[in-house]
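Peer 1: Got a structure for you, questions after.
2 protein chains.
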Amino acid sequence: MKRYAYFISDGTGITAEMLGNSLLAQFESIEFERVTYPYVDSAEKARKVVEEINRNSADEAVAIIFDTIINKSIRAIMDDAIGLKIDIFGAFLDPMEKALRVESSYSVGKSHSAKDTGYLNRIESINFALANDDGGRNRHYKEADVILVGVSRCGKTPTCLYLAMQFGIKAANYPLTEDDMESMNLPAALAPYRKKLFGLTIDPDRLAAIRNERRANSRYASLKQCYHEVDEVEQLYQREQIPFISTTDRSIEEISTRIMAETGLHRRMRS
Amino acid sequence: MKRYAYFISDGTGITAEMLGNSLLAQFESIEFERVTYPYVDSAEKARKVVEEINRNSADEAVAIIFDTIINKSIRAIMDDAIGLKIDIFGAFLDPMEKALRVESSYSVGKSHSAKDTGYLNRIESINFALANDDGGRNRHYKEADVILVGVSRCGKTPTCLYLAMQFGIKAANYPLTEDDMESMNLPAALAPYRKKLFGLTIDPDRLAAIRNERRANSRYASLKQCYHEVDEVEQLYQREQIPFISTTDRSIEEISTRIMAETGLHRRMRS
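Top to bottom, those sequences are chains S and L.
Terminal number for the first sequence in the numbering used here: 271, no gaps in between.
Terminal number for the second sequence in the numbering used here: 1271, no gaps in between.
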């Protein structure tokens, strides 16, 4: 028996998905068929969505409907959909208006304006992450908020990009190779920026699996090599007092926010 | 008078921030000082947060407190914080349990597990976007879900990365240059993948401003050149029936989700 979960928004639907998925994750035993309807910004579109939902609702399984539509008259149309409505804005805007003693602007799609103060910051930070990826080409480490270090394939690049995209943080990264490890010293390019360094580590078995997908049966992907590199790199972190975190079994979101919490970096928010 | 907004979570805090900012955006006249407390996963940490909040609350301005802590006993501690509590999980888990006829697992930090089915998809898609950026090196267009085209600096790269990071979509991009425009034809590399193409366009004045930050006073950044390129590229889209969207005044989130809606791409969700 399928059980539907709907995410409905007059904007991107991302807020509805994030909140909805956080709530659905609390019901591990149930498998949900997830459907997102973004840009439901007219009565006509809303009626079509209601029709589709109700067509799917023939069986007994109650659908869960996450609704982040701001416009009151469009939201009212959603009342006809069969299922449990989780009306996030409806539930909270009222008490907020009272506490703040201000009327809210129920304008459609207000919540994700491109004029966010953080927007240009984020684009600039993405470009920074791309230009300072993998120790390559440019090394504008003076401008960096943080420089991630770690062995090849431990998760540096996606973490840098996430820090840029989500928080407008300028994150560079530098791969630690065998040469760096054997010299027993920090690479010369990094030494002046020791305070900006943050280490990533990873379970060696997991690392070998990831590397094998890239270059199967290579020395690079061998268990022996992976154990060796991870061991060396963790020793380096300890010797040089570089804070570090394991990426094993952690999402990019979690790695990123833990780095920010530990380094005291301030989120340059989307607002 | 400062007015505080707090985002409190036993996980990354990202859900609390997203939902909170969507709600705060409805109160345009008020400026909020935003503070995020991630990983509040013990009674001790919660008490410290409450102390900090209450220390800030000496004046009359009511603080807004967005709380996504799952653990009931930790959440109970937050009751002592002075301000309007927006308790997202508290408000919705109860009716969901009744509708679903299942108890929810109030386990700490459940909501963002790294074992998400979409996780590996996303990493793979980020690598794909990086390897197929800017028409360069690899051109694994067969594997691509979508190929973004457009003039230099119109927003292709951040959009590709966002599609990868958020939705696990494999997005390549290809910059249209003057040579492509003058030939009156699609570039040969793209011709076999016409159905995967999606065009970006941009207001020429905005484009000139962006390009000027890169190479001030160059021909590349001149108004004349920008008007010419945008005009040519939009003609190409129309001639070749390539769907397209303007990135001017749109956030990366909105551009990405609109592309997905128009192309019918399915979100590979985080679950």
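The beta-carbon is built from N, C-alpha and C at its ideal position, and this holds for glycine as well.
1) How about residue 74(S) and residue 35(S): are their beta carbons less than 8 angstroms apart?
2) Return helix, strand or coil for residue 27(S), following the three-state DSSP convention.
3) How about residue 40(S): is its C-beta nearer than 8 angstroms to some C-beta of chain L?
4) For a test of the three-state rule: what should DSSP assign to residue 1071(L), helix, strand or coil?
5) Quick check: the segment 1141-1148 of chain L against the segment 1162-1172 of chain L, are at least 3 beta-carbon pairs closer than 8 angstroms?
6) Please return the same chain residues whose Cβ sits closer than 7 angstroms to the Cβ of residue 158(S), not counting the five positions on each side in sequence.
7) Checking 8 angstroms against the spacing of the C-beta atoms, do residue 1255(L) and residue 1247(L) come in under that value?
8) How about residue 1067(L) and residue 1008(L): are their beta carbons less than 8 angstroms apart?
9) Relative to the alpha-carbon of residue 78(S), which residue among 43(S), 91(S), 57(S), 61(S) has its alpha-carbon at the smallest distance?
10) Answer with buried or exposed for residue 1017(L), where buried requires no fewer than 16 other C-beta atoms within 10 angstroms of its C-beta.
11) Check whether chain S comes within 8 angstroms of residue 1150(L), counting only Cβ atoms and requiring the distance to be less than that.
12) Which ranges would you report for the beta strand (DSSP E) in the segment 1193-1249 of chain L if only whole runs of at least 3 residues count?
13) For a contact meaning CB atoms closer than 7 angstroms, what does residue 1162(L) contact in chain S?
14) For residue 180(S), does the count of other Cβ atoms within 10 angstroms reach 16, so buried, or fall short, so exposed?
15) Note down the Cα distance separating residue 1249(L) from residue 228(S), rounded to an integer number of angstroms.
16) When DSSP labels each residue in this structure, what does residue 148(S) get in the three-state scheme?
17) Across the segment 181-193 of chain S and the segment 205-223 of chain S, are there enough close Cβ pairs to call them in contact, namely three or more that are closer than 8 angstroms?
18) How would you list, in chain order, the residues of chain S whose beta-carbon sits under 7 angstroms from the beta-carbon of residue 1013(L)?
19) Where does residue 169(S) fall in DSSP's three states?
20) What is the DSSP secondary structure of residue 61(S), reduced to helix, strand or coil?
21) Starting from residue 52(S), trace the alpha helix (DSSP H) in both directions and tell me its first and last residue.
22) Less than 6 angstroms between C-beta atoms, sequence neighbours within five positions excluded: which residues of the same chain meet that for residue 1233(L)?
23) Is residue 33(S) helix, strand or coil when you go by DSSP?
24) Quick one: which residues of the segment 220-239 of chain S get their C-beta closer than 7 angstroms to a C-beta of chain L? List them in chain order.
25) Excluding five sequence neighbours on each side, which residues of the same chain lie with their C-beta closer than 7 angstroms to the C-beta of residue 165(S)?
26) With a threshold of 8 angstroms between beta-carbons, can residue 114(S) be considered close to chain L, or not?
27) Please confirm if residue 1073(L) has its CB atom under 8 angstroms from at least one CB of chain S.
28) Would you say residue 1026(L) faces chain S, with C-beta separation under 8 angstroms as the test?
29) Would you say residue 1246(L) faces chain S, with C-beta separation under 8 angstroms as the test?
30) Distance cutoff 8 angstroms, beta carbons only. Does residue 146(S) sit that close to anything in chain L?
31) What's the gap between the Cα of residue 20(S) and the Cα of residue 1088(L)?
32) Among residues of its own chain, excluding the 5 on either side of residue 1140(L), which ones have a beta-carbon nearer than 8 angstroms to its beta-carbon?
33) Compare the beta carbon distance of residue 65(S) and residue 81(S) with 8 angstroms and say whether it is the shorter of the two.
34) Which whole-angstrom value is the C-beta distance of residue 199(S) and residue 149(S), which I expect to be below 8 angstroms?
35) Give the interface partners of residue 102(S) over in chain L, defined as CB-CB distance under 7 angstroms, in chain order.
Peer 2: Reading it off the structure:
1) Here the question's residue 74(S) lines up with position 74 in the first sequence. Here the question's residue 35(S) lines up with position 35 in the first sequence. No, these two residues do not count as a Cβ contact at 8 angstroms.
2) Position 27 of the first sequence, counting from 1, holds the residue named residue 27(S). Here residue 27(S) sits in coil by DSSP.
3) For this step, residue 40(S) is matched to residue 40 along the first sequence. Chain L contact via Cβ: absent.
4) If you number the second sequence from 1, residue 1071(L) lands on position 71. The answer is coil: DSSP assigns residue 1071(L) none of H, G, I, E or B.
5) Three or more beta-carbon pairs drawn from the segment 1162-1172 of chain L and the segment 1141-1148 of chain L are found closer than 8 angstroms, and the two stretches are therefore classed as touching.
6) For the purposes of this step, residue 158(S) is taken as residue 158 along the first sequence, with counting starting at 1. Excluding its 5 nearest sequence neighbours in each direction, residue 158(S) has C-beta neighbours in its own chain below 7 angstroms: 252, listed in chain order.
7) Looking up residue 1255(L) in the second sequence gives position 255. Looking up residue 1247(L) in the second sequence gives position 247. Contact flag set, yes.
8) Sequence index remark: in the second sequence, residue 1067(L) carries index 67 (1-based). Sequence index remark: in the second sequence, residue 1008(L) carries index 8 (1-based). Their beta carbons are under 8 angstroms apart, which means residue 1067(L) touches residue 1008(L) by this criterion.
9) Here residue 78(S) is taken as the residue at index 78 of the first sequence, counted from 1. Comparing Cα-Cα distances from residue 78(S) to each of 43(S), 91(S), 57(S), 61(S), the minimum goes to 43(S).
10) For the purposes of this step, residue 1017(L) is taken as the residue at position 17 of the second sequence. With 16 or more other Cβ atoms inside 10 Å of its own Cβ, residue 1017(L) counts as buried.
11) Within the second sequence, residue 1150(L) is the residue found at index 150, counting from 1. For residue 1150(L), the closest Cβ of chain S is not nearer than 8 angstroms.
12) Qualifying beta strand (DSSP E) stretches, in chain order: 1197-1201, 1244-1246.
13) The residue given as residue 1162(L) occupies position 162 in the second sequence. The contacting residues are 165.
14) Counted from its first residue, the first sequence places residue 180(S) at position 180. Buried, because 16 or more other Cβ atoms sit within 10 Å of the Cβ of residue 180(S).
15) Locating residue 1249(L) in the second sequence gives position 249, where the first residue counts as 1. Locating residue 228(S) in the first sequence gives position 228, where the first residue counts as 1. For residue 1249(L) and residue 228(S), the distance between alpha carbons rounds to 50 angstroms.
16) Translated into positions along the first sequence, residue 148(S) becomes position 148. Residue 148(S) falls in the strand class under three-state DSSP.
17) These segments do not touch.
18) As a first step, residue 1013(L) is located in the second sequence; it is residue number 13 there, counting from the start. The contacting residues are 257.
19) Along the first sequence, one-based indexing puts residue 169(S) at 169. Coil.
20) Working through the first sequence from its first residue, we reach residue 61(S) at position 61. Residue 61(S) falls in the coil class under three-state DSSP.
21) As a working note, residue 52(S) is residue 52 in the first sequence. Boundaries of the alpha helix (DSSP H) around residue 52(S): 43-56.
22) The residue you call residue 1233(L) lines up with position 233 of the second sequence. So the list reads 1151, 1176, once near-sequence residues are dropped.
23) Here residue 33(S) refers to the residue found at position 33 when the first sequence is read from its first residue. When DSSP states are grouped into helix, strand and coil, residue 33(S) belongs to the strand group.
24) Under the 7 angstroms Cβ criterion, the segment 220-239 of chain S contributes no residue.
25) For the purposes of this step, residue 165(S) is taken as the residue at position 165 of the first sequence. For residue 165(S), where only same-chain residues beyond five positions count, the Cβ hits under 7 angstroms are 122, 126.
26) Position 114 of the first sequence, counting from 1, holds the residue named residue 114(S). Any reading at residue 114(S) must be qualified, since the residue scores a pLDDT of 38, below 50, and its modelled position is unreliable; the value itself is stated next. At least one beta carbon of chain L lies nearer than 8 angstroms to the beta carbon of residue 114(S).
27) Taking the first residue of the second sequence as 1, we reach residue 1073(L) at position 73. For residue 1073(L), the answer is no, since every Cβ of chain S falls outside 8 angstroms of its Cβ.
28) In the second sequence, residue 1026(L) corresponds to position 26, counting from 1. Taking Cβ atoms only, chain S reaches closer than 8 angstroms to residue 1026(L), which makes this a yes.
29) Stepping through the second sequence from its first residue, residue 1246(L) is reached at position 246. In terms of beta-carbon proximity, residue 1246(L) stays away from the interface with chain S, with every pair separated by 8 angstroms or more.
30) Stepping through the first sequence from its first residue, residue 146(S) is reached at position 146. Cβ-Cβ to chain L under 8 angstroms: no for residue 146(S).
31) For the purposes of this step, residue 20(S) is taken as the residue at position 20 of the first sequence. For the purposes of this step, residue 1088(L) is taken as the residue at position 88 of the second sequence. Looking at the backbone, the Cα of residue 20(S) and that of residue 1088(L) are separated by about 10 angstroms.
32) Locating residue 1140(L) in the second sequence gives position 140, counting from the first residue. Excluding five sequence positions before and after residue 1140(L), the CB atoms of its chain that fall closer than 8 angstroms to its own CB belong to 1128, 1131, 1132, 1172, given in chain order.
33) Taking the first residue of the first sequence as 1, we reach residue 65(S) at position 65. Taking the first residue of the first sequence as 1, we reach residue 81(S) at position 81. The answer is yes: Cβ separation under 8 angstroms.
34) Locating residue 199(S) in the first sequence gives position 199, counting from the first residue. Locating residue 149(S) in the first sequence gives position 149, counting from the first residue. The C-beta separation of residue 199(S) from residue 149(S) comes to about 5 angstroms, placing the pair in contact by the 8 angstroms criterion.
35) On the first sequence, residue 102(S) is found 102 positions in, with the first residue counted as 1. What residue 102(S) touches in chain L: 1027, 1029, 1030.
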